[in-house]
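Working notes, structure below.
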Amino acid sequence: MTSMRKIHYFDGFSNESDKTIFNLEEDYGAHHYERINLVVRHAKGCWLTDDKGKKYLDCLAAYSAANPGHHHPTITNAVMDALIGNYASVLSNVVFTDPLGIFLSEAAKFAPQMAPRFGNYGNKVLPKNGGVESVETAIKTMRYYGFKKKGIQDGKQEIIVFNNNFHGRTISVVSFSSSKKYSEGFGPLTPGFVSVPFGDIEAVKKAITPNTCGILVEPLQGEGGMLIPPKGFLAGLRELSDQNDLLLVCDEIQVGMGRTGKRFCFEHEGVVPDGVILGKALSGGLVPLSVFITNAKLMDMIFSKGSDGSTFGGYPLACVAGTAALKVFEEEKLAEQSAAKGEILKERIQDIAGRSPHVKEVRGLGLFIGIEVKNGNAMEFCHKLLDLGLVVNDSHGHTIRISPPLVINEEEMDFMVDCLEQVLVP
Ligand SMILES: Cc1ncc(COP(=O)(O)O)c(C=O)c1O
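Using this note's numbering, the first residue of the sequence shown is number 729, and each one after it goes up by one.
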């Protein structure tokens, strides 16, 4: 083992050069993700800082994980208190902890009554770590419901999903991805998923069979190109689910928690699903934390003692962060902030688009705005924006993704718009 690196804590974790960091990743890391050439040493609010002290406006917010801004003081202090107070550590699942109980009750109340057709029993919550783990929980829920309640033969359950979806990277989840890159060579893939075009309610209708147990949908596709389905699509899914006794689950990992200007994206259509998946911003971006929330009656029907579990899922540090992040969400009215700022920002970006030879379309809700470019190569523009001091990346190759922390202020939005103007209007 090499000796410990000397750590200076000048304004970040180490004083290793960017080149050293690139080489360390090259030599010791799996090359599984395309990164941009930036080593971030410090992150606060909406700003990221490199080792020269150059500041970059974070217009990505870790794909919505940093909605309250990086190192939000309330959430950071809660985490620090837990560490210093010796109530942060992971414990075995056999004991109760007060951070878990408190977090579960806050998260259950955060959502409206899920699956109201099953009765007004309140919600229950199953916590996990990364978002994809809670997608797996939702899949288990839909399948077990089909087996137990609909009498579908175990192993024959089918879930309807949508082309261009993104729900994470486990084997089962990439099994129904439209992107070959995510699944090729990783077979055998998990069966039991039927994928239909996003937004096409007739295709959903046709895909329903006696073995269908649920529908898994992103109310707005984030990775798929920041796509908004036609109006009435979610309401149509609700209607079909009611008619055919299916569980409708919304994956709000990226678009929930205020990102689109409402607490939940499904609220834009006045629809209540049977279950919702949250992750990313649920802990304010400080520790991995995700949940699946559903009607208490359903949760009790699906999961019994020993049928699920996770070493870190619901461990005290994550729950402390989650409880603090939910408090910040309410106190700072993050959804309302997103709605108001998103409207202004989208209008300003549309103005730029009207004068730009490069922009095909601007779309989005709240602070979730996509700028689709005509040449289909959004990264070409993202690299230029990085030089000017904006961290952005593409969605589905063709769209520049604008999703800053929801606490972005007017001055920061002016800076963003100025950079976009420079790059998009020659
Ligand atoms: C809609 C959606 N679902 C699931 C996931 C997977 O979450 P995680 O990367 O935390 O596993 C993501 C991540 O970007 C997402 O955007």
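Where is the CB? At the ideal position from N, CA and C, for every residue including glycine. No experiment lies behind these values; they were computed from the predicted model shown.
State the Cα-Cα distance for the pair residue i and residue j, rounded to the nearest angstrom.
| i | j | result |
| --- | --- | --- |
| H736 | G964 | Because the pLDDT of H736 is 46, which lies under 50, any placement of that residue in the model is unreliable, and the question is left without a value. |
| K734 | G740 | Caution is warranted here: a pLDDT of 45 is assigned to K734, below 50, making its placement in the model unreliable, and the coordinate value is therefore given only provisionally. Taking the straight line joining both Cα atoms gives about 13 Å. |
| V999 | R966 | 7 Å |
| K747 | L776 | 18 Å |
| D779 | A771 | 12 Å |
| N891 | G781 | 42 Å |
| V863 | G1098 | 24 Å |
| P1001 | A810 | 34 Å |
| M729 | A935 | Annotation note: pLDDT 42 at M729 (below 50); position unreliable, coordinate value reported separately. Roughly 56 Å between the two C-alpha positions. |
| E754 | L968 | 49 Å |
| G920 | T937 | 12 Å |
| L1113 | N751 | 25 Å |
| L828 | G1104 | 45 Å |
| K933 | D826 | 45 Å |
| V1090 | Q1078 | 6 Å |
| D970 | S906 | 27 Å |
| G859 | A789 | 16 Å |
| T940 | G913 | 27 Å |
| S820 | L1006 | 24 Å |
Around the C-beta of residue i, are 16 or more other C-beta atoms found within 10 angstroms, so that it is buried, or is it exposed?
| i | result |
| --- | --- |
| F824 | exposed |
| V945 | buried |
| Y756 | exposed |
| D1142 | exposed |
| A758 | exposed |
| K909 | exposed |
| F1109 | buried |
| M808 | exposed |
| V717 | Summary: the structure shown does not reach residue 717, with the chain confined to residues 729 through 1154, and so no result is reported for it. |
| E861 | buried |
| S792 | buried |
| S1123 | buried |
| T1039 | exposed |
| N857 | buried |
Have a look at the options and flag the residue whose alpha-carbon is nearest the alpha-carbon of residue i.
| i | options | result |
| --- | --- | --- |
| G960 | L1093, F894, E980 and H996 | H996 |
| S833 | P1001, A806, S1032 and L1054 | L1054 |
| G1050 | K908, I1072, M985 and M1027 | M985 |
| G1042 | I830, L917, Q982 and K1112 | I830 |
| E1071 | L1134, P1001 and G942 | L1134 |
| T801 | P855, A816 and G773 | The residue asked about is misnamed: residue 801 is Pro in this sequence, not Thr. Selected option, being the one with the closest Cα: G773. |
| D928 | G1003, S911 and L955 | L955 |
| N1036 | I764, Y872 and N743 | Note on identity: in this sequence residue 1036 is Asp, with Asn being the wrong assignment. Of I764, Y872 and N743, the residue nearest in Cα terms is Y872. |
| P958 | F894, E930 and E951 | E930 |
Would you say residue i reaches chain B, if we count a Cβ-Cβ gap shorter than 8 Å as a contact?
| i | result |
| --- | --- |
| F926 | Checking the listed chains, one finds no chain B in this structure; it contains a single protein chain. |
>> Below 8 Å, how does it come out for the stretch 963-981 and the stretch 989-1007: are there three or more Cβ pairs, yes or no?
In response: yes
>> Assess contact between the stretch 1024-1033 and the stretch 1041-1048, defined as three or more Cβ pairs (one per stretch) separated by less than 8 Å. Is contact present?
In response: no
>> Three Cβ pairs or more, each shorter than 8 Å: is that satisfied between the stretch 1013-1021 and the stretch 791-800?
In response: The answer is yes - the stretch 791-800 touches the stretch 1013-1021, with three or more Cβ pairs under 8 Å.
> Is it true that the stretch 1088-1097 meets the stretch 1062-1079, where meeting means three or more beta-carbon pairs spaced less than 8 Å apart?
Replying inline: yes
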